[in-house]
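By the UniProt record's numbering, the letter at position 93 of the sequence shown is numbered 93, and the numbering carries on one by one without gaps. I have placed the structure first, in the form of structure tokens, so that the comments after it can refer back to it.
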Amino acid sequence: RKYTRTIIRCLRDLGFFAATARTRCTRPRPHTPHHSLLLTTALVLDPSQPPVPTSPAARDPQPAQLHSLRRRRRRQPAMSGASGPLLAALLLLLGLVAAASASAEGSWRAEQERDRVPRVPGQAFNASFAHYAGYVTVSEERGAALFYWFFEAAHDPASKPLVLWLNGGPGCSSIAFGVGEEVGPFHVNADGKGVHMNPYSWNQVANILFVDSPVGVGYSYSNTSADILSNGDERTAKDSLVFLTKWLKRFPQYKEREFYLTGESYAG
């Protein structure tokens with residue numbers, strides 16, 4: 001929408017709208033519904049002009065207001081021949097911007113759909129909310145990736161904040177404990193053979209993101225064995241920032257939400 005408004009302003013500066021409107025108002029015509037439609041169209045194209053009166057007294061074929069309107073339009077410069085290529089370029093730019101926007105949206109929607117979880121093992125009930133799980137690479141060089149499980153709010157997720165939950169330790173899985181035993185919507189049954197709904201889940205009031213951090217915890221991994229022995233606050237913080245930045249590119253609808261960091265013990 002921003003680019004469209006800019007292009008429209010450029011076209012107006014080139015006199016495109018004024019020229020279009022003038023071609024529809026230069027010859028007096030009997031008052032007909034078709035004539036009124038042309039005048040209305042001209043004013044829509046160039047809203048900077050005052051409206052043509054529509055009272056019974058103004059229905060004369062050549063009212064003073066119409067003469068004034070025509071004189072103003074004649075004084076406005078028409079599009080020059082050199083403006084044609086510029087107009088074509090602007091329209092092409094508009095098309096390219098629209099195509100790029102559609103392509104980018106299709107990309108992140110496809111990524112989200114790839115991570116969508118239809119059901120989990122032992123789930124004997126239907127969930128009213130969508131949830132997603134997968135990996136986000138935090139270092140190509142080290143071959144490191146963090147695992148996440150994200151639950152949309154059970155009611156009206158578009159109006160709810162985003163919460164990042166991290167378990168402590170360090171070394172405690174946010175998936176195994178945060179989701180499975182604490183604030184997540186699915187709790188593991190006592191016999192370990194299925195899950196049940198947690199009525200006190202935090203996704204009753206928020207969209208909640210669980211992340212296994214640092215690498216080596218839960219499902220998160222690194223292909224560099226030394227990472228497991230050298231985890232520390234500094235690298236964990238850097239990995240977490242990379243994760244969150246990339247995750248928001250995959251879920252851009254949450255970029256502008258209220259955002260809360262929380263967890264348990266030495267969280268993260």
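A virtual CB, placed ideally from N, CA and C, is assigned to each residue, including glycine.
With H, G and I counted as helix, E and B as strand and the rest as coil, what does DSSP make of residue i?
i	result
Phe259	strand
Asp156	coil
Ala133	strand
Tyr221	strand
Phe177	helix
Ser265	coil
Arg119	coil
Rounded to the nearest angstrom, what separates residue i and residue j at their Cα positions?
i	j	result
Val120	Ala133	11 Å
Ala21	Glu256	Note that Ala21 has pLDDT 43, beneath the 50 cutoff, so the model's placement of it is unreliable and no number is given.
Lys193	Gln123	10 Å
Asn207	Ser225	34 Å
Ala153	Ser68	60 Å
Asp156	Gln204	10 Å
His196	His131	15 Å
Lys246	Asn189	33 Å
Asp115	Arg109	10 Å
What span of residues does the beta strand (DSSP E) with residue i cover, start to end?
i	result
Trp149	Ala144 to Phe151
residue 273	This structure does not reach residue 273, given that the chain is present from 1 up to 268, and the question cannot be answered.
Trp165	Leu162 to Leu166
Phe186	Phe186 to Val188
Val183	No beta strand (DSSP E) contains Val183, which DSSP labels as neither H nor E.
Go to residue i, then tell me how far its alpha helix (DSSP H) extends in each direction, as first and last residue.
i	result
Ser240	Asp233 to Arg250
Asp227	Ala226 to Leu229
Measure the beta-carbon distance from residue i to residue j and round it to whole angstroms, keeping in mind my assumption that it falls under 8 Å.
i	j	result
Asn231	Val215	7 Å
Ser220	Ser213	6 Å
Gly184	Glu264	That belief does not hold up - the Cβ atoms of Gly184 and Glu264 are roughly 12 Å apart, past 8 Å.
Trp165	Gly178	5 Å
Does the stretch 171-185 come within contact of the stretch 246-261, defined as at least 3 CB pairs closer than 8 Å? The stretch 246-261 and the stretch 171-185 do not touch, with fewer than three beta-carbon pairs separated by less than 8 Å.
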